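Here is the structure we will look at.
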Amino acid sequence: MKIKSLLSITVLSFTLALLSGCGGSMSGTYEAQSNAFFDKLNFVSGDKVEVTGYGNTKEATYRKEGNKVVISASGENQVFTLDENGCLNGGPQIGVYCKK
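Here this note's numbering is used: position 12 in the sequence shown is 8, and no number is missing along the way.
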């Protein structure tokens, strides 16, 4: 019985370690490139991001899923893709944001 419990704990620990590596966190300020919807995205502590546009800054939350970053505010989600240059691409209507 002890071996089965030890094996279960080992498998659970390994699974949690593997899953924690899938997400990750973002940090720093990503500035808008030409024709972007927002001015900048500032990733602060934990899962918080400050979204600045049109002279206003709003706090939102985010989660990272592989090369995708999902920003959520007021019940709305915006998906960004981390490109090969490390920039966040929100598509043609939202634009591209690169780390300052």
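Idealized CB from N, CA, C, for every residue including glycine. On a predicted model such as this, the values are computed, not experimentally measured, just so you know.
Inset, instruction - Compute the Euclidean distance between the alpha carbons of Q74 and S30, then round it to the nearest angstrom. - result: Looking at the two C-alpha atoms, the distance is approximately 19 angstroms.
Inset, instruction - Have a look at L78 and G62 and give me their C-alpha separation to the nearest angstrom. - result: 9 angstroms
Legend entry - Where Y50 falls, given that 16 or more other Cβ within 10 Å makes a residue buried: exposed
Inset, instruction - Assuming F34 contacts V45 (C-beta within less than 8 angstroms), just tell me the rounded distance between them. - result: 11 angstroms between Cβ atoms; not a contact.
Inset, instruction - Please list, in chain order, all residues of the same chain as A32 whose beta carbon is under 6 angstroms from its beta carbon, the five residues on each side excluded. - result: The beta carbon of A32 sits closer than 6 angstroms to the beta carbons of G91 from its chain, once the five residues preceding and following it are set aside; these are given in chain order.
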